[in-house]
Amino acid sequence: MTDRPTQSLEEKLLDVTNVDASSTGDESLTGAAASPMYLLVFEGESSRLHRLPQGGELTIGRGAGCELRINSSSASRQHAAISVDDRTAVVRDLGSQNGTIVNGERLMTPQPRELLSGDVISIGGCTMAFHNAPRTTGSSRMVGFGELRRRLDGEVDRALRYQRQFGVVCAHLGAPVTGTIARRSFEGKLSRVLRRIDAGCWAGDDALYALLPETEADETAAIAKRVIDGLAGLAGETRVGYAVFPGDGCAADELLAGARSAALTADVGAVAAAGGTVQTIEVAGRAVLVCDGAMARMYALIDRLAATELPVLIWGETGTGKELAANALHARSPRAERQFVALNCAAIHENLVESELFGHDKGAFTGAAAAKAGLFEAASGGTVFLDEIGELSLTNQAKLLRVLETHRITRVGEVKERPVDIRLVAATNRDLQEEVKQGRFRQDLYFRLSGAALWLPPLRDRPRELPVLAQMFLSEACERAGRPAMALSPEAMIALASHGWPGNVRELKNLMDYAAAAFAESVLQPWHLEDRLAGSELPVDDAADTPSQRLRMPLRAPAEPTLAAPKEFRSLAEEIEELERARIAQALEAAGGNQTQAARLIHMPLRTFMNKLKRHGLSGAQVRKSE
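573 is the number of the first residue of the sequence shown in the numbering used here; add one for each residue after it.
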């Protein structure tokens, strides 16, 4: 029998103890963001990343020999271990005293459990959200979980190629099902409601998944209803959720996690869609939509930090929503009724930073015709947000440090000190620890700023939010333009999911604003977006004089064919295969045979790229030999 915790899952996630915040941030921002697997660790009043190895085992505990050390008295010295093999991660408890909790359920020692992207691990007062980068690759209706994963990867690959839809269903049974006879009863019921092309599997002892190829949203919902009706007599607390490609995700883990989240939020005996699991958070008069598990816990951490006076350092790539997080810290704090003042340190000349922050006296410098209060005085009693703080010069860093230590400022041109009462929130897209090592940022200021640290995941690591945010931004843009609403076609959603989003949420919003203004159609199609998504790709002309430049050309047919039309049509599948093989060969040539770089050049997951190399009989050595 599974040992269930007495607290609810949400209470477990929020039960985080205080630790020394200076112990956070042991990974660089750039390196962690590029890692295919990592843990987003919530400990005390901070969050940090810890990358998982590409293979082998990571031990977790409070002992000095653990690769991931956590500072909790409730954790054992060697508490748990995560084994990584072929992009799959498995967690097991190492016989700890207080147990390892995964998604609210205690692991049975030494029984391992495979992790899905979005799973939450709780050890003592520490909570960790697991992330695995999407993989898009390629009987009896009941199969093993690994087989269903392989089929799901193949279904994603097929759906991306042919722009089709399919569904994933999750049935949460409410209690563990053990014993061969009992499990076969559930398997028989599930198999009878599934079609011949569908596949089902167990996920632990209390959940079943089903893969439904060639189903759109309405048909997926109908099959999900049949699943709950079929299982109702066997489990009284069954709840079912479903997710549909591509609207609820374009990768296997996103769809599995979306269906599971929908099941967990559904009423007993009811069916819920993954799109209905969106959480709306009000921040400074704006509605923020959250359906990614890590972001939901991030805003829960923001709620706790808002009640304190700790300075907060927010890390994240450009466009991830750092100012929105800073606004949330202010809006939910006791200072909410006072000023929130923001300053972009990169947008102000170095000589004017001191005047902007601390103010100046009349005649302090040329052009100072009157005395002026600085941002720290204007925001007294409120919050000051310094964006891009890594751009401050060392001189201005020293002046800022003194203000943070004394809570007093001196206007430029004055000698009198003035008391200020502000809470400081800073943000950066730089790795400040590396900047400290290079002598470009003061270590004492870094420690003063990072009383608590928040790392905001990039949009590419929050794929379940992409369709929700895209439709919200598109609807808002249409409303502002006073035009009829537009819908996103499944094909357009696939195009959005295939993009890397270097500009993150800001880039997505700008794209939807452009689409609403530029096109009159009621449904947004992929060809509306291809020019903007292609970015700096070169046109097809003589400028493409290098392999890498030729590779970045858009995949479009020429306006006029240069060859005579064929006497007979070839099958579309053959032409796609030929184009795919040619483009992969170009990528290998441009990358000098480096398969990892070649996959990156054509925005294809490495595992998919390797499989297609084998299918087409290509290799880096062959390409180099042919040059």
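Cβ atoms here follow ideal geometry from the backbone N, Cα and C, with glycine treated the same way.
Would you identify the three-state DSSP class for residue i, choosing helix, strand or coil?
i: residue 677; result: strand
i: residue 713; result: coil
i: residue 854; result: strand
i: residue 1013; result: coil
i: residue 664; result: strand
i: residue 999; result: strand
i: residue 1113; result: Residue placement at residue 1113 is poorly supported in this model, since its pLDDT is 38, which falls under 50; the coordinates are not used for a value here.
i: residue 1027; result: strand
i: residue 598; result: A caution first: residue 598 carries a pLDDT of 41, below 50, which makes its placement in the model unreliable, though a value can still be read off. Here residue 598 sits in coil by DSSP.
i: residue 1156; result: helix
i: residue 890; result: coil
i: residue 984; result: strand
i: residue 694; result: strand
i: residue 968; result: helix
i: residue 685; result: strand
i: residue 1148; result: helix
i: residue 699; result: strand
i: residue 631; result: strand
i: residue 944; result: strand
i: residue 643; result: coil
i: residue 583; result: Confidence in residue 583 is poor, its pLDDT being 41 and thus under 50, which makes the residue's placement too unreliable to answer from.
i: residue 1175; result: coil
i: residue 1082; result: helix
i: residue 885; result: strand
Starting from the Cα of residue i, find the closest Cα among the options and give me that residue.
i: residue 916; options: 962, 1010 and 746; result: 962
i: residue 803; options: 765, 770 and 716; result: 765
i: residue 908; options: 882, 754 and 878; result: 878
i: residue 771; options: 795, 778, 809 and 850; result: 795
i: residue 797; options: 778, 615 and 743; result: 743
i: residue 680; options: 859, 1106, 830 and 777; result: 777
i: residue 1066; options: 1045, 661 and 1035; result: 1035
i: residue 969; options: 847, 756 and 923; result: 923
i: residue 790; options: 737, 806 and 750; result: 737
i: residue 929; options: 975, 939 and 884; result: 975
i: residue 937; options: 946, 927 and 845; result: 927
i: residue 967; options: 925, 947 and 998; result: 925
i: residue 1053; options: 980, 1042 and 1090; result: 1090
i: residue 994; options: 723, 955 and 902; result: 955
i: residue 1088; options: 1056, 625 and 1070; result: 1056
i: residue 730; options: 793, 702 and 818; result: 818
i: residue 807; options: 1103, 749, 847 and 723; result: 749
i: residue 715; options: 830, 1070, 1167 and 769; result: 769
Who are residue i's beta bridge partners in DSSP?
i: residue 916; result: 959
i: residue 814; result: 741 and 845
i: residue 619; result: 614
i: residue 860; result: 853
i: residue 1189; result: DSSP output for residue 1189 lists no bridge partner at all.
i: residue 657; result: 660
i: residue 990; result: 981
i: residue 774; result: 780
i: residue 1071; result: Residue 1071 pairs with nothing; no bridge assigned.
i: residue 932; result: 944 and 984
i: residue 803; result: Residue 803 pairs with nothing; no bridge assigned.
i: residue 1095; result: 1059
i: residue 609; result: 704
Going by the CB atoms, is the gap between residue j and residue i shorter than 9 angstroms?
i: residue 1156; j: residue 1186; result: no
i: residue 1002; j: residue 953; result: no
i: residue 813; j: residue 843; result: yes
i: residue 959; j: residue 881; result: no
i: residue 745; j: residue 810; result: yes
i: residue 1262; j: residue 614; result: There is no way to answer for residue 1262, as the model of the chain reaches only from 573 to 1199.
i: residue 977; j: residue 1020; result: yes
i: residue 1007; j: residue 933; result: no
i: residue 775; j: residue 741; result: no
i: residue 1000; j: residue 886; result: yes
i: residue 739; j: residue 816; result: yes
i: residue 1068; j: residue 1039; result: yes
Using only the heavy atoms of the ligand GDP, determine whether one of them is closer than 8 angstroms to the beta carbon of residue i.
i: residue 955; result: This structure lacks the ligand GDP, and indeed carries no ligand of any kind.
Within 9 angstroms of any Cβ in chain D, is that where the Cβ of residue i sits?
i: residue 1183; result: In the structure shown, chain D cannot be found, because there is only a single protein chain.
- prompt: Is the stretch 614 to 621 touching the stretch 1015 to 1027 in the sense that three or more CB pairs, one from each, lie closer than 8 angstroms?
  reply: yes
task: Give a yes or no on contact between the stretch 1061 to 1076 and the stretch 880 to 896, applying the rule of three or more CB pairs nearer than 8 angstroms.
output: yes
- request: Determine contact between the stretch 1009 to 1016 and the stretch 1045 to 1053, defined as no fewer than three beta-carbon pairs at a distance below 8 angstroms.
  value: Pairwise C-beta distances place the stretch 1009 to 1016 out of contact with the stretch 1045 to 1053, as fewer than three of them are shorter than 8 angstroms.
query: Should the stretch 912 to 929 be regarded as contacting the stretch 1083 to 1100, the criterion being three or more beta carbon pairs within less than 8 angstroms?
result: no
query: Given 8 angstroms as the limit, is there contact between the stretch 783 to 795 and the stretch 754 to 764, that is, 3 or more CB pairs closer than that?
result: They do not touch, by the three-pair rule.
- prompt: Is the stretch 643 to 662 in contact with the stretch 625 to 634, if contact means three or more CB pairs nearer than 8 angstroms?
  reply: yes
message: Within 8 angstroms, do at least three Cβ pairs link the stretch 660 to 672 to the stretch 686 to 704?
response: yes
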